[in-house]
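Report on the structure given below.
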Amino acid sequence: MSRRTSWTQVCDYTVMLPERGVCALVDGVQVALFRTYDGGVHAVGNRDPFSGAYVLSRGIVGTRKDEPTVASPLHKQVFSLVSGVCLDEEAVSVPVYRVRVRDGRVEVSLSSLSGSQEAGSGTARGHTPLPLGG
Amino acid sequence: MRNLVVAGYGPAAHRLVETLVGKGFDGRITVIGEEPRPAYDRVALTSYLSGTSAEDLTYPVPPGVVTRLGSRVTAIDRAAGQVVTGTGRVPYDVLVLATGSAPFVPPVPGAEHAFVYRTIEDLDAIRVAAKDAAEGVVVGGGLLGLEAADALRSLGLRTHIVEMSPWLMPRQVDEGGGAVLRSHIERLGLGVHAGAGVREIVHSGGRVTGLRKPDGTVLDAQVVVFSAGIRPRDELAREAGLAVGERGGVVVDPAMRTSDPAIYAIGECALVEGMIYGLVGPCNTMAEVAADRITGGSASFTGADMSTKLKLLGVEVAQFGAMSGALDVTYMDPVGGVYKKLFVSDDARTLLGGICVGDAAPYAALRPFVGKELPAAPSDLLFSGAGAALDLPDEAQVCSCNNVCAGEIRAAVADRGVTDVPGIKACTRAGTTCGSCVPLLKQLLEKSGVAVSKSLCEHFAHSRAELFDIVRVRGITTFSELISRRGQGRGCDICKPVVASILASLHNGHVLDGERAALQDTNDHFLANLQKNGTYSVVPRIPGGEITPDKLIVIGEVARDFGLYTKITGGQRIDLFGARVEQLPQIWRRLVAAGFESGHAYGKALRTVKSCVGSAWCRYGVQDSVGLAVALELRYRGLRAPHKLKSAVSGCARECAEARSKDFGVIATEQGWNLYVGGNGGFRPRHADLLATDLSTDELVRTIDRFLMFYIRTADRLQRTAAWLESLDGGLDYLREVIMDDSLGICADLDAQMEQHIATYADEWQATLDDPEKLSRFVSFVNAPGMPDPSIVFDSERGQIRPVMAR
Ligand code: SRM
Ligand SMILES: Cc1cc2nc3c(=O)[nH]c(=O)nc-3n(C[C@H](O)[C@H](O)[C@H](O)COP(=O)(O)OP(=O)(O)OC[C@H]3O[C@@H](n4cnc5c(N)ncnc54)[C@H](O)[C@@H]3O)c2cc1C
Ligand code: SF4
Ligand code: FES
Numbered sequence: 001m002s003r004r005t006s007w008t009q010v011c012d013y014t015v016m017l018p019e020r021g022v023c024a025l026v027d028g029v030q031v032a033l034f035r036t037y038d039g040g041v042h043a044v045g046n047r048d049p050f051s052g053a054y055v056l057s058r059g060i061v062g063t064r065k066d067e068p069t070v071a072s073p074l075h076k077q078v079f080s081l082v083s084g085v086c087l088d089e090e091a092v093s094v095p096v097y098r099v100r101v102r103d104g105r106v107e108v109s110l111s112s113l114s115g116s117q118e119a120g121s122g123t124a125r126g127h128t129p130l131p132l133g134g
Numbered sequence: 001m002r003n004l005v006v007a008g009y010g011p012a013a014h015r016l017v018e019t020l021v022g023k024g025f026d027g028r029i030t031v032i033g034e035e036p037r038p039a040y041d042r043v044a045l046t047s048y049l050s051g052t053s054a055e056d057l058t059y060p061v062p063p064g065v066v067t068r069l070g071s072r073v074t075a076i077d078r079a080a081g082q083v084v085t086g087t088g089r090v091p092y093d094v095l096v097l098a099t100g101s102a103p104f105v106p107p108v109p110g111a112e113h114a115f116v117y118r119t120i121e122d123l124d125a126i127r128v129a130a131k132d133a134a135e136g137v138v139v140g141g142g143l144l145g146l147e148a149a150d151a152l153r154s155l156g157l158r159t160h161i162v163e164m165s166p167w168l169m170p171r172q173v174d175e176g177g178g179a180v181l182r183s184h185i186e187r188l189g190l191g192v193h194a195g196a197g198v199r200e201i202v203h204s205g206g207r208v209t210g211l212r213k214p215d216g217t218v219l220d221a222q223v224v225v226f227s228a229g230i231r232p233r234d235e236l237a238r239e240a241g242l243a244v245g246e247r248g249g250v251v252v253d254p255a256m257r258t259s260d261p262a263i264y265a266i267g268e269c270a271l272v273e274g275m276i277y278g279l280v281g282p283c284n285t286m287a288e289v290a291a292d293r294i295t296g297g298s299a300s301f302t303g304a305d306m307s308t309k310l311k312l313l314g315v316e317v318a319q320f321g322a323m324s325g326a327l328d329v330t331y332m333d334p335v336g337g338v339y340k341k342l343f344v345s346d347d348a349r350t351l352l353g354g355i356c357v358g359d360a361a362p363y364a365a366l367r368p369f370v371g372k373e374l375p376a377a378p379s380d381l382l383f384s385g386a387g388a389a390l391d392l393p394d395e396a397q398v399c400s401c402n403n404v405c406a407g408e409i410r411a412a413v414a415d416r417g418v419t420d421v422p423g424i425k426a427c428t429r430a431g432t433t434c435g436s437c438v439p440l441l442k443q444l445l446e447k448s449g450v451a452v453s454k455s456l457c458e459h460f461a462h463s464r465a466e467l468f469d470i471v472r473v474r475g476i477t478t479f480s481e482l483i484s485r486r487g488q489g490r491g492c493d494i495c496k497p498v499v500a501s502i503l504a505s506l507h508n509g510h511v512l513d514g515e516r517a518a519l520q521d522t523n524d525h526f527l528a529n530l531q532k533n534g535t536y537s538v539v540p541r542i543p544g545g546e547i548t549p550d551k552l553i554v555i556g557e558v559a560r561d562f563g564l565y566t567k568i569t570g571g572q573r574i575d576l577f578g579a580r581v582e583q584l585p586q587i588w589r590r591l592v593a594a595g596f597e598s599g600h601a602y603g604k605a606l607r608t609v610k611s612c613v614g615s616a617w618c619r620y621g622v623q624d625s626v627g628l629a630v631a632l633e634l635r636y637r638g639l640r641a642p643h644k645l646k647s648a649v650s651g652c653a654r655e656c657a658e659a660r661s662k663d664f665g666v667i668a669t670e671q672g673w674n675l676y677v678g679g680n681g682g683f684r685p686r687h688a689d690l691l692a693t694d695l696s697t698d699e700l701v702r703t704i705d706r707f708l709m710f711y712i713r714t715a716d717r718l719q720r721t722a723a724w725l726e727s728l729d730g731g732l733d734y735l736r737e738v739i740m741d742d743s744l745g746i747c748a749d750l751d752a753q754m755e756q757h758i759a760t761y762a763d764e765w766q767a768t769l770d771d772p773e774k775l776s777r778f779v780s781f782v783n784a785p786g787m788p789d790p791s792i793v794f795d796s797e798r799g800q801i802r803p804v805m806a807r
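If you want it as structure tokens, here you go:
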């Protein structure tokens, strides 16, 4: 199954602080972007599914058993930045979006990873940091 | 070799083959499923709409199992021992029917244009239809109907629910609960039409335009979803001449055998003792019973817990056990939207069941006690949320989805060294399905006497006090340095704010400087308090509660100009709510220009020093309580601590400032000041203890300095002074020895540390306004800096704004 991916530039990579998030509005969708300590960039939905507030980009970034995470700033549920799954309540998850760094710019694609062939859950855990610059 | 064939590949079939493979079943297993994929977690189906992929939901096929996907069993040839599919025949020695059920669609005109909500494909179809729809209707206000309605809402549709019964969820809640539930559902923005039916689905040109109710009125809708109950899929059994129930369902005995001993039926298609079980827990149990029988065991299905908990975000609804009893105890709070009812036996000792709306805390805690003696008086259980201190008997069922009892959890902890909830999940399966038993799992863990580790979190094996000493003695100045030397991983929402607070207590400096910005909770990160809708509140410092008319006017003007909700706090100051991140700097600029500074309402830091009017005006006052309160507030402002710090000064023993409910409180005497410490309002109120009497102002200040610094050094994370003092070995006497007699020889150190804090204090708002780089972070959207967040919406109440939660 192939599908064309369209990318939207959202900001300079250097605008993103290590281990902190920003929110981008892409085609009306709020995307929370995070830069992890290893330089990788992750994108998930900005809506906290527990509260309904659009705040995930403002949570604390960290790790749980080496998996990069963000904690909702409202009630501290922790989400995987790789799979979007809430690690405290696995029935709940947020969408994961594709993100890359091109020429120092961060780009997001709204074709959510969920449901697409190339991002089977099996590969999700073996995340490698994104190459910078590129 | 024996041939085992399973018709249908849903959760029940999955549990069956998984159990068989686990038991080492030596025959050949073939599963024939009509859906295009192996079984998946139907309970979590709705998460598919919020981004969970089909792959994530799908269960792995156990090794050695042959699957035929996208293939329907069309008939059973019992004489030949074969099942017939579209492409041929498959022989069986044992056949298991696990065909589940199908949504019931009432035979109304136009129903063929409506959707149902059962499979991934159903959701795909609904998602497509919702793309160019504005309104949706769900027919059926039960558990699944509400879940479907919430899903439509999350797809952006204005959604209505049509329910035949006079109230929602009639199978789980009674009329009183239904009324409270309705108010919650309506607050979510969903329309509720209870006691209403469907006459037809109105459509034109193949597109749905609405739903006509029996009274002729039409609800506009472009998407209609039926969720009006389920019907067991018993057609195969019926045509093959197996016994089926009058109202559907394949009749089975407690061994899950149908009227043909070579054929079993499990899951939602099976009729056991006249019951169809529409919940995954019992379906799994049936699968385990059948697997046991097929491999020569003697297990039986003896009925199951039908407790349910609504997973609709934001509204807690739960029902367990019976829905009636000789006696019932009800707690009702229509304002808070809480309704809780317990049914008990006529001697009020045995729990029969319960209903919870708005607060499901009793559900997890009390469900295991159904049929057993109550652990406390019913009214206490309803009030306390029935939280801690319940000693569950070993045989009490804790997880009903996976039929795990308390004893198994305890065994996992005792014998298999499990120390956390993920460990319990892996070991026992408890908590892996609907998740509603997880709070109880935590309690069991805590009570199992698992060696309570002092580790802060998975990243540091140290307590906060130990980390404080490491940072202080080694002169560590960054989180990265600390974690690379003493911890592992990259931290979390627990250890990062702790380290941020330690660094701030020891070094002061701006909380958003350098790497420290990444350690702060959102409140410290935006120097304001996060509210439920993603906006922030702003609290300028008003030392001692004393304020000039001019400053009051400025606050009023700022609130008016930015449209902020304004409230006098319980801390003698004014809180301005509803500011968006990009407005914060503009608001501060106005406030700072008028001489205000941050009140640190967001920080684990000094909050307020309340005062009474004191000797300046009051006819009873013996000292200037306002003057002292102002001085103390300015002295300790910005001081970061393990938890927030509150203080008050009263001008005489009448105590109008409530100083004895504070972390440090001062009450005037004829001779000077009495100092009280370790007081607390809040969750567990405690009166402060008298530490010293008749102090001069200098002595008082020095003693408070040391008290605060000693607390900051040695307290645990989020331990207020009250709890800290209670945990201090030697208590108040020891505290006196340390900070007044210098028994540890650290007083000079404590004094110096406080001097350093005071000398380096700077207003965080001002410093942020002066730093363009920090300021640039105050935007809702990094790619549209001027744009306000459209999800933030207000309506008004009593003349001021009030947040409306967006969908
Ligand atoms: C605004 C205010 C209520 C009001 O409208 O009056 C308030 C609001 C909050 N309180 Fe409070 N408390 C407020 C006075 C109090 C008081 C009364 C007082 O200070 O005289 C108490 C009891 C006294 C005490 O603390 O000992 C109080 C006990 C709490 C507690 C329980 C603390 C405890 O030790 O049990 C919390 C929870 C916590 O801090 O962990 C809390 C937490 C909160 C938080 C910060 C909850 C949060 O994280 O969102 C609230 C947000 C404030 C905001 O958004 O601006 N608030 N809170 C009061 C602000 C006072 C101020 O000017 O700073
Ligand atoms: C949205 C939703 C939310 C839910 N939430 C909860 C919850 O919170 N808690 C809870 O306990 N339960 C919940 N349930 C119910 C739970 O999902 C069911 O109890 C469970 O799926 C029943 O499993 P089953 O295997 O018996 O039947 P099913 O899941 O219906 O699986 C039967 C399978 O057999 C296939 N099949 C049928 N006939 C044939 C045939 N002739 N040939 C081949 N294949 C056939 C069907 O296509 C289907 O794939 C929920 C259900 C839904 C739809
Ligand atoms: S505490 Fe004493 S001095 Fe202060 S206002 Fe009350 S009565 Fe007056
Ligand atoms: S009760 Fe559902 S997972 Fe335990």
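Residue numbers (UniProt numbering), protein chains in the order written: chain A, 1 to 134; chain B, 1 to 807. The C-beta atom is built at its ideal place from N, Cα and C for all residues, glycine as well. This one's a predicted model, so the numbers in the text were calculated from it and none came from an experiment.
On the three-state DSSP scale, how would you describe residue i?
i      : result
M286/B : helix
D694/B : strand
K442/B : helix
W588/B : helix
D150/B : helix
T302/B : coil
R560/B : helix
N403/B : coil
A270/B : strand
C427/B : helix
R212/B : strand
T5/A   : coil
Below 8 Å on the Cβ atoms is my guess for residue i versus residue j; work out the distance and round it to an integer in Å.
i      : j      : result
V94/A  : L56/A  : 7 Å
F460/B : C495/B : 5 Å
L211/B : V224/B : 6 Å
R233/B : C269/B : 5 Å
E633/B : A648/B : Not confirmed; about 10 Å, so no contact.
L603/B : R635/B : Checking the sequence, you will find Gly at residue 603/B rather than Leu. With 8 Å as the limit, G603/B and R635/B do not qualify as a contact, their Cβ atoms being about 16 Å apart.
Just the C-alpha distance for residue i and residue j, rounded to the nearest angstrom, thanks.
i      : j      : result
R573/B : T566/B : 11 Å
V61/A  : R153/B : 29 Å
G570/B : G679/B : 16 Å
V298/B : A7/B   : For the sequence presented, residue 298/B should be read as Ser rather than Val. Going from the Cα of S298/B to the Cα of A7/B covers about 23 Å.
Kindly list, in the order they appear in chain A, the residues whose Cβ is closer than 7 Å to that of residue i.
i      : result
D789/B : Y54
Using a C-beta to C-beta distance shorter than 9 Å, which residues of chain A count as neighbours of residue i?
i      : result
M805/B : S51, G52, A53
With a threshold of 6 Å on Cβ separation, who are the neighbours of residue i within its own chain once the five nearest residues in sequence on each side are excluded?
i     : result
A32/A : G21, C23, V44, N46, L56, S57
R15/B : N284, A287
Given that residue i touches chain D, what residues does it touch there, using C-beta distances under 9 Å?
i      : result
T522/B : This model lacks chain D altogether; the protein chains it does include are A and B.
Could you list which residues in chain B have their beta carbon closer than 8 Å to that of residue i, in chain order?
i     : result
G84/A : G51, T52
By the criterion of Cβ-Cβ separation under 7 Å, what are the contact partners of residue i in chain B?
i     : result
V22/A : V782
Y37/A : R490
Give the residues of chain B in contact with residue i, contact being defined as C-beta atoms less than 9 Å apart.
i     : result
E89/A : G435, V438
G45/A : S50, G51
Tell me which residues share the same chain as residue i and place their Cβ nearer than 8 Å to its Cβ, disregarding the 5 neighbours each side in the sequence.
i      : result
C427/B : A412, R416, V418
Leaving out five residues on either side along the sequence, give the residues of the same chain with a beta carbon under 7 Å from the beta carbon of residue i.
i      : result
G353/B : F320, G321, A322, M323, G325, F343, V370
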